[in-house]
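Protein sequence lines, in the order shown, are assigned to chains A and B. Just so you know, we're using the numbering used here here: the first sequence kicks off at 61 and counts up by one. Just so you know, we're using the numbering used here here: the second sequence kicks off at 61 and counts up by one. These notes concern the structure reproduced below.
Protein chains: 2
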Amino acid sequence: MIKKINQMISQGQMIQLSEYLQNINPVDISKLLMELSSKDLILTFRLLPKDKAAEAFSYLDKEYQMKIIEKITDSEVEEIIEQLFLDDTVDFIEELPSNVVKKVLRNTSQEKRNLINQFLKYEQYSAGSIMTIEFVELKENMNVKDAIASIRHTKLDKEIIETCFVIDKNRKLKGSISLQDLIVSSDDTSISKLTDTNIVFTTTTEDQEKVATLFKEYDLICMAVVDKEDRLVGIITADDIIDIIEKENTEDFQKMAAMKPSEEPYLKTPVLELAKHRVIWLLVLMISATITGSIIKKFDEVIQSVVILAAFIPMLMDTGGNSGSQSATLVIRGLALGDIQIKDYLKVMWKEFRVGLVVAFVLAVVNFLRIYFLESTDIMVTLTICISLFFTVIIAKVTGSILPIIAKKLKFDPAIMASPLITTIVDTFALIIYFSLARVFLGI
Amino acid sequence: MIKKINQMISQGQMIQLSEYLQNINPVDISKLLMELSSKDLILTFRLLPKDKAAEAFSYLDKEYQMKIIEKITDSEVEEIIEQLFLDDTVDFIEELPSNVVKKVLRNTSQEKRNLINQFLKYEQYSAGSIMTIEFVELKENMNVKDAIASIRHTKLDKEIIETCFVIDKNRKLKGSISLQDLIVSSDDTSISKLTDTNIVFTTTTEDQEKVATLFKEYDLICMAVVDKEDRLVGIITADDIIDIIEKENTEDFQKMAAMKPSEEPYLKTPVLELAKHRVIWLLVLMISATITGSIIKKFDEVIQSVVILAAFIPMLMDTGGNSGSQSATLVIRGLALGDIQIKDYLKVMWKEFRVGLVVAFVLAVVNFLRIYFLESTDIMVTLTICISLFFTVIIAKVTGSILPIIAKKLKFDPAIMASPLITTIVDTFALIIYFSLARVFLGI
């Protein structure tokens, strides 16, 4: 497509280009725009019909939005802002440098400016900050005929009108009506009679993660948002929730790999930013590894007399670490999805203990066969290794499962108790067991 | 709530209970039902209004669904099945033992049975298997008046009617119309004129993960599904996509912690099943750790002469492993979200090399200060440790970033190239560098 557009631009076929763009989805248009040169970007953007221009604009990366805002006239800015959904406008204003923000606000109506300011006050990650104000509201004292007239009157572009929300004379949320119920009811039916009063809603200050959990639990497509006085102020739609769920998951992945989460896509994050997000945890973990070092130093006469013992330290540590992080990952994920609660901690530990028994037994036996028969290692050394492995795996499983629950109980994010931290802790146990057994079995 | 229900049951207040249940959301009713005894479960379920009974039923766990189906009469089964959405019916039939399936199918109309059979043929994880057939379709030769009449006629319960899909006389998908456009247009406007022909749709055989990607990319609330002949056969809604996204993420978390993914929630998975999913990868990783063992054996004279070197092996290995898994996690997540493509491999490696330089430098310096000044270790030993650390971290970063991309290129799931595998690979590099440097610096 991009080739065709470049060709039409170079041949000056502006009318053809304009017609061609008519039939492309705004998301795809935004992708095409980002591939054009700065000059062609502005030129092509101006050829778009107003509503499509605004929607394509909302999908552009920040840098391209700025390029456009800087180059177009004030009245063009005004047109885009009027067409944009309020939540998209706010997202975009939040990230702009102040000179561009000024140009935008100068071209926005007083009414919309007030709304934008109100939105900017909602805390980040709150329901208020992700809601949209483009929804259908009906008064409970209307009848069906009034309601349909009111819907016809409301000029909405895209957000969901399937569900209309019903408010009383103080704007308090009373419930919802599906558009279908409206259409199939007779004109004089009262709205309050059709209202489903038993709906799931949230408040502007609620955490977005909790809102996402409600969407999942109740299979919702949209949800009403009320203020402190129970007045309806906005709605949240499932497409925005999908974005939030993916962001929260990305954050968990990053925390579980011992990184400070970052919001930008990988390729757009600067090197120093990436380094900063990683080095803190690496330092913490590196310094806590001092403990394992001092254990080995304490037992150095054991290694000196049976050097072969050193050869099995990496295997023992890695297997312990891997066993522990399997358990930690399952429990962290279970806590995030609500499958596991803090009160389940005994159930979880007991389960992991039994899983640990089975897994540890299999690993120890396989290891015995390999080390004793294939590598012809001394029988007492082999036993030291295999019995250490057995206990290390069980301890790793139980520790890995309980630490995330303790973190949650202490109001930390369970995700920090993932692989890296578990590994460091399990290493300590593994080495103490290993060297103590070696002393006993090998009589050092 | 459960206390109140138990009280009403024990006091025989059935009418009050029935009224009380009227005002509870079906999702919450299903949770309450699962807390009741088998006897009270059936009793309470029978008190529910038909439509609520069917919806609450669809949210019950499999074992409770079976309990109910086994106990209620054939005509009651029939009522539930008629009220259930087809996709919920299919989900539920797929998981039942055959004697219960027979009872269900015996009480299902021929027409619905045919539909169910057709659905069961769609491959698991395909768009066909997750779609619903409850949607509004309009013919392109209708006018607005016919269309609204047809919507009034279609008896839909809950799924989305905001978007109506337009088909031609051969049932081929032509596009979509929003219900709002219909309501605000005059009665004699032709449907084909209002149809937006430029919509995103999918086919029954498409992978559900690809469908989820389209939802994210185009911010969709619902999407049409067509068969091989482009005929409209169903729609997929955003609430189902949310479930799929969470499942895919859970799978990635499990694979990245070296486990075979499992579908059941943690607390409901039997111990042996959990053990089976974990032991395979642990065995593979344990046996590949033989390599690190043989490296240490090869250099045993180095350890024998300077035993203190052994004390820093865990720190070196853990820091290398953690550095590598940070990079691997970011790249795996970037690939999953589409932020990183296979063709970006040089960009990614170059970025990780530079991040590695910064991080490695900081870690090496801090380590030097700690080991040389605080622990008063010999200067040549300290240098051996710090320089090894420096190179290990850089190699770990680059390896961790490139292996997931190679996996994707070879059509494996990049998620397997996470922490555990990276750790095992990085260990090998770390030890070779460490002992080689020790030989040179310490003249062993």
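Here a beta-carbon is modelled for each residue, glycine too, at the ideal position from N, C-alpha and C. Since we're looking at a predicted model, the values are computed, not measured.
Cβ neighbours of residue i in the same chain (closer than 6 Å, five flanking residues each side left out)
| i | result |
| --- | --- |
| residue 138 (chain A) | 167 |
| residue 437 (chain A) | 431 |
| residue 69 (chain B) | 100 |
| residue 25 (chain A) | Chain A is shown from 61 up to 504; residue 25 (chain A) falls before or after that span and cannot be answered. |
| residue 460 (chain B) | 384, 387, 388 and 482 |
| residue 495 (chain B) | 359 and 362 |
| residue 115 (chain A) | 86 |
| residue 450 (chain A) | 420 and 424 |
Nonlocal neighbours in the same chain, by C-beta distance under 7 Å from residue i, ignoring five residues either side
| i | result |
| --- | --- |
| residue 453 (chain A) | 379, 380, 383, 416, 419, 420 and 423 |
| residue 394 (chain B) | 400 |
| residue 289 (chain A) | none |
| residue 533 (chain B) | Because chain B here runs from 61 to 504, residue 533 (chain B) falls outside it and cannot be looked at. |
| residue 165 (chain B) | 173 |
| residue 150 (chain A) | 176, 179 and 180 |
| residue 182 (chain B) | 188, 189 and 264 |
| residue 329 (chain A) | 322 |
Residue j beta carbon less than 8 Å from that of residue i
| i | j | result |
| --- | --- | --- |
| residue 178 (chain B) | residue 389 (chain A) | no |
| residue 255 (chain A) | residue 203 (chain A) | no |
| residue 251 (chain A) | residue 207 (chain A) | yes |
| residue 198 (chain A) | residue 237 (chain A) | yes |
| residue 414 (chain A) | residue 331 (chain B) | yes |
| residue 508 (chain B) | residue 370 (chain A) | Residue 508 (chain B) lies beyond the range of chain B shown here (61 to 504); nothing can be said about it. |
| residue 105 (chain A) | residue 128 (chain A) | yes |
| residue 295 (chain B) | residue 195 (chain B) | yes |
| residue 350 (chain B) | residue 487 (chain B) | no |
| residue 39 (chain B) | residue 426 (chain A) | Outside the displayed range of chain B (61 to 504) lies residue 39 (chain B), so it cannot be described from this structure. |
| residue 441 (chain A) | residue 366 (chain A) | yes |
| residue 89 (chain B) | residue 96 (chain B) | no |
| residue 124 (chain B) | residue 93 (chain B) | yes |
| residue 176 (chain B) | residue 190 (chain B) | no |
| residue 472 (chain B) | residue 446 (chain B) | no |
| residue 377 (chain B) | residue 377 (chain A) | yes |
Environment of residue i [buried if 16+ CB atoms lie within 10 Å]
| i | result |
| --- | --- |
| residue 477 (chain B) | buried |
| residue 310 (chain B) | buried |
| residue 291 (chain B) | exposed |
| residue 386 (chain B) | buried |
| residue 240 (chain B) | buried |
| residue 299 (chain A) | buried |
| residue 72 (chain A) | exposed |
| residue 505 (chain B) | Nothing in the structure corresponds to residue 505 (chain B), since chain B is present only between 61 and 504. |
| residue 133 (chain B) | exposed |
| residue 412 (chain A) | buried |
| residue 406 (chain B) | exposed |
| residue 570 (chain B) | The structure shown does not extend to residue 570 (chain B), since chain B spans only 61 to 504, so no value can be given for it. |
| residue 130 (chain A) | exposed |
| residue 211 (chain B) | buried |
| residue 479 (chain B) | buried |
| residue 261 (chain B) | buried |
| residue 491 (chain A) | buried |
| residue 121 (chain B) | exposed |
Cβ-based neighbour list, residue i, same chain, cut-off 8 Å, excluding 5 preceding and 5 following
| i | result |
| --- | --- |
| residue 235 (chain B) | 225, 226, 255, 256, 257, 258 and 259 |
| residue 287 (chain A) | 263, 264 and 293 |
| residue 273 (chain B) | 398 |
| residue 319 (chain A) | 337, 338 and 341 |
Checklist entry - Along the chain, which unbroken stretches of the beta strand (DSSP E) at least 3 residues long are found entirely within the segment 191 to 237 of chain B? => result If you keep only unbroken beta strand (DSSP E) runs of at least 3 residues inside the segment 191 to 237 of chain B, you get 197 to 199 and 223 to 227.
Item to check | Segment contact, 8 Å Cβ cut-off, at least three pairs: the segment 348 to 366 of chain B with the segment 335 to 353 of chain A | outcome: no
Item to check | Residue ranges of each beta strand (DSSP E) within the segment 271 to 341 of chain A, 3 or longer | outcome: 282 to 286 and 292 to 297
Next on the checklist: Report the start-end ranges of each alpha helix (DSSP H) in the segment 391 to 477 of chain A that is 4 residues or longer and not cut off at the edges.
Outcome noted: 405 to 428 and 439 to 469
Item to check | Contiguous alpha helix (DSSP H) assignments of at least 4 residues, all confined to the segment 130 to 200 of chain B | outcome: Assignment of alpha helix (DSSP H) within the segment 130 to 200 of chain B, counting only whole runs of 4 or more residues, yields 134 to 143, 146 to 154, 158 to 166, 170 to 181 and 187 to 190 in chain order.
Checklist entry - What runs of the beta strand (DSSP E), each 3 residues or longer, lie entirely inside the segment 74 to 135 of chain B? => result none
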